[in-house]
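Accompanying notes for the structure given below.
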Amino acid sequence: MSSEAKPVLELQNISKSYGSVQALTDVSFKAYAGEVIGLVGDNGAGKSTLIKVISGAHPQDEGRLIVDGQERHWKSPHDAMNAGIETLYQESGLAPDLTIGSNIYLGREIERKGLLGKLGFLNQKAMEAGAIKHLENVGITVPATKRTVSELSGGQRQAVAIGRAVAWAKHVIILDEPTNHLGARQSQEVLNVIKAAREQGLCVLFISHTLPHVLEVTDRIIVLRLGEVVKDAPTSDFTVESLLGTITGLTV
Ligand SMILES: Nc1ncnc2c1ncn2[C@@H]1O[C@H](COP(=O)(O)OP(=O)(O)OP(=O)(O)O)[C@@H](O)[C@H]1O
Ligand SMILES: [Mg+2]
Numbered sequence: 007m008s009s010e011a012k013p014v015l016e017l018q019n020i021s022k023s024y025g026s027v028q029a030l031t032d033v034s035f036k037a038y039a040g041e042v043i044g045l046v047g048d049n050g051a052g053k054s055t056l057i058k059v060i061s062g063a064h065p066q067d068e069g070r071l072i073v074d075g076q077e078r079h080w081k082s083p084h085d086a087m088n089a090g091i092e093t094l095y096q097e098s099g100l101a102p103d104l105t106i107g108s109n110i111y112l113g114r115e116i117e118r119k120g121l122l123g124k125l126g127f128l129n130q131k132a133m134e135a136g137a138i139k140h141l142e143n144v145g146i147t148v149p150a151t152k153r154t155v156s157e158l159s160g161g162q163r164q165a166v167a168i169g170r171a172v173a174w175a176k177h178v179i180i181l182d183e184p185t186n187h188l189g190a191r192q193s194q195e196v197l198n199v200i201k202a203a204r205e206q207g208l209c210v211l212f213i214s215h216t217l218p219h220v221l222e223v224t225d226r227i228i229v230l231r232l233g234e235v236v237k238d239a240p241t242s243d244f245t246v247e248s249l250l251g252t253i254t255g256l257t258v
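In my numbering, each number is its position in the sequence shown, counted from 1, plus 6.
Okay, here's the thing in structure tokens:
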């Protein structure tokens with residue numbers, strides 16, 4: 007990324023503790039449009055906490071969060087979503103009993119026109135058609151958007167959840183371990199969606215313990231250890247071995 011470009015997301019000295027556990031200490035980095043950043047670190051390193059701060063799920067204790075040039079203070083995840091940040095948490099957040107289409111439009115339902123809309127009737131047809139379009143845009147084909155999410159395989163559910171995030175994100179999409187529990191082919195589909203999101207000019211924060219996936223899909227890698235950034239470097243600087251060494255602290 008050009009150093010003259012304006013970061014779409016900037017963290018300055020973010021710290022956060024849970025009681026006596028210091029989960030994040032002085033975390034700072036900049037992220038740019040069209041960039042995929044890998045956020046890696048051992049269990050408990052602070053990755054999920056960091057994305058919860060960025061996505062408005064937990065406020066930081068200290069530090070500044072700047073999105074699209076403006077300092078932000080989220081009161082809830084909705085504030086972050088309205089500012090163009092979509093997050094896929096470690097738990098996917100899909101409603102299993104709703105159809106794929108309804109899940110894509112969860113919280114953003116399209117109402118019927120006129121009186122029916124005022125009475126709360128939803129335009130299912132428009133949502134099903136829109137959902138297919140949103141998913142196809144990022145190369146996801148699902149069996150039929152009228153199926154409920156509970157009828158899908160784990161990989162298909164994950165694809166829908168990611169498709170939803172890419173569909174609505176304006177600036178940043180955060181994926182916390184999206185390839186967990188997926189087979190090789192389905193993981194590859196997820197990686198392809200990440201690449202499609204980058205092509206759409208989104209900034210992607212990709213959290214994963216699967217280092218070959220991180221090396222394949224990211225432009226830059228930020229390594230957290232015990233809540234601190236210990237390395238922030240282009241992906242081409244790393245191999246699986248050196249990345250593992252940086253994560254564990256056993257090599258420098
Ligand atoms: N809600 C919470 N209450 C108290 N402590 C928490 C809470 N969430 C996380 N922690 C603690 O904060 C630290 C960072 O946890 P976090 O979940 O951010 O790690 P992580 O890097 O996402 O780990 P993993 O790879 O296992 O998902 C850990 O010590 C964890 O025990
Ligand atoms: Mg986590």
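All residues carry an ideal CB built from backbone N, CA and C; glycine is no exception.
C-alpha distance - residue i paired with residue j, whole-angstrom precision
i	j	result
GLY99	ALA37	25 Å
GLN18	GLN130	43 Å
SER242	LEU250	15 Å
LYS12	ARG231	27 Å
ARG153	ARG114	19 Å
PHE244	SER34	21 Å
LEU104	VAL155	6 Å
GLU134	ILE106	8 Å
HIS79	SER21	14 Å
GLY207	TRP174	13 Å
SER275	GLU16	In the structure as shown, the chain starts at 7 and stops at 258, and residue 275 therefore has no counterpart that could be examined.
VAL14	ILE179	11 Å
Endpoints, the beta strand (DSSP E) within which residue i is located
i	result
PRO240	234-240
ARG231	226-231
ASP182	178-182
ILE146	Segment: none, ILE146 is in no beta strand (DSSP E) and carries neither H nor E.
THR93	91-94
LEU45	42-46
GLY107	Not the beta strand (DSSP E): GLY107 falls in the alpha helix (DSSP H), residues 106-110.
GLY50	From DSSP, GLY50 is part of no beta strand (DSSP E); its letter is neither H nor E.
LEU211	209-213
LEU71	68-73
Identified DSSP bridge partners for residue i
i	result
ALA37	LEU15
GLU117	LEU128
SER23	GLN28
GLN194	GLN194 is not bridged to any residue.
Segment limits, alpha helix (DSSP H) that includes residue i
i	result
ARG170	160-174
Quiz item: Quick check: the segment 203-216 against the segment 33-50, are there 3 or more CB pairs under 8 Å?
Solution: yes
Quiz item: Can at least three beta-carbon pairs, one atom from the segment 157-170 and one from the segment 128-144, be found at a separation below 8 Å?
Solution: yes
Exercise. May I ask you to verify whether the segment 52-65 touches the segment 20-32, counting CB pairs closer than 8 Å and requiring at least 3?
Key: yes
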